[in-house]
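Here is the structure we will look at.
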Amino acid sequence: MSCAKGQTLAFFCLAWVAAGLLFVFPSPVQAGEEYSFKVEEFEKKSFEWGGYAELKWEHMNLNQGSAFEILNLAGKSKSTLDRLSGTLQIDGSYLNGITSLNWTLQASGQQDDLDWYDRADIFEAYASLKPTPQFTVSLGKKSYKWGKGYAWNPVGFLNRPKDLNDPEEALEGYITFELDLVKSFAGELQTLALTTVILPVWDEINDDFGQINNVNLAVKLYLLYKDTDIDLICY
């Protein structure tokens with residue numbers, strides 16, 4: 337939902353007050369309900385990395401006289417188009433105590449009968465501090481996927497537009513400052529998570545997001561209530 341600045345600030349304050357009360361007062365967990373597990377089985381490795389390499393060839397039969405040909409092949413009428421493209425993506429994280437570094441890098445190139453195109457982008461590169469299991473602070477370039485829509489999200493205020501041909505593809509993020517609170521409970525309300533994001537727009541910093549020399553505030557309150565996901569988002 338879209339809110340005016342005053343409503344955004346009010347939602348922000350109420351969400352933090354509610355989260356604070358839930359964090360201050362412990363949940364009524366019975367001693368017999370405690371779980372036990374081996375820490376070693378869940379311990380996260382200090383360095384993790386992954387990624388993929390993709391090589392794709394396409395042969396397309398073009399509908400001559402179509403809108404696609406008029407807009408993209410002006411003066412170069414063709415009945416077919418061959419395209420060869422490749423993508424390399426590397427992502428990873430490094431954990432040292434309460435500090436973690438996270439990154440996603442992608443490079444791609446494309447050659448067809450018309451031209452050559454290539455790019456190399458830093459999709460994500462941010463640092464996080466996690467002094468407690470419930471509280472995390474992050475700063476840097478981060479990608480957001482708010483909302484439940486597969487190809488399009490009406491509440492994806494901080495999301496990059498997805499590629500309709502490949503909605504699962506990684507997207508470039510924005511430079512932000514983020515505060516994240518997470519709390520688990522034993523009752524009908526199982527999980528509460530409050531995420532606050534500050535996204536500045538200055539010259540050469542997030543300048544494709546919106547109005548220059550402006551600071552944007554977005555808040556998401558997530559609830560897992562009776563096995564039902566509930567998102568309350570204000571921007």
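First residue of the sequence shown: 337, per this note's numbering; consecutive thereafter.
Where a beta carbon is used, it is the ideal one built from N, C-alpha and C, also for glycine.
All values reported here derive from a predicted model rather than from experimental measurement.
DSSP three-state label for residue i, please.
| i | result |
| --- | --- |
| A367 | With a pLDDT of only 49 at A367, under 50, the local geometry of the prediction cannot be trusted, and the value read off the model is given with reservation. Note: A367 maps to helix in three-state DSSP. |
| I458 | strand |
| W452 | strand |
| D539 | coil |
| K519 | strand |
| R496 | coil |
| S464 | strand |
| W393 | strand |
| E504 | coil |
CB residue i to CB residue j, shorter than 8 Å?
| i | j | result |
| --- | --- | --- |
| G386 | G428 | yes |
| D516 | T531 | yes |
| R419 | E394 | yes |
| L507 | K498 | yes |
Just to check my reading of the structure: residue i and residue j have Cβ atoms closer than 8 Å, yes? What is that Cβ distance to the nearest angstrom?
| i | j | result |
| --- | --- | --- |
| S479 | E514 | Contact flag wrong, Cβ pair sits at about 12 Å. |
| Y558 | F493 | Not really, about 15 Å apart at Cβ, beyond 8 Å. |
| D449 | K414 | 7 Å |
| T423 | S444 | 4 Å |
Find the nearest neighbour of residue i within the set the options, judged by alpha-carbon distance.
| i | options | result |
| --- | --- | --- |
| G523 | D499, L507, H395 and L560 | L560 |
| Y430 | F521, S382 and N501 | S382 |
| P467 | T435, A506, I541 and V518 | T435 |
| Q447 | I426, L441 and L417 | L417 |
| K484 | T472, A463 and D565 | D565 |
| T440 | N550, I541, Y510 and V533 | Y510 |
| R496 | A463, Q470 and F459 | F459 |
| T512 | S464, L500, Q470 and E504 | S464 |
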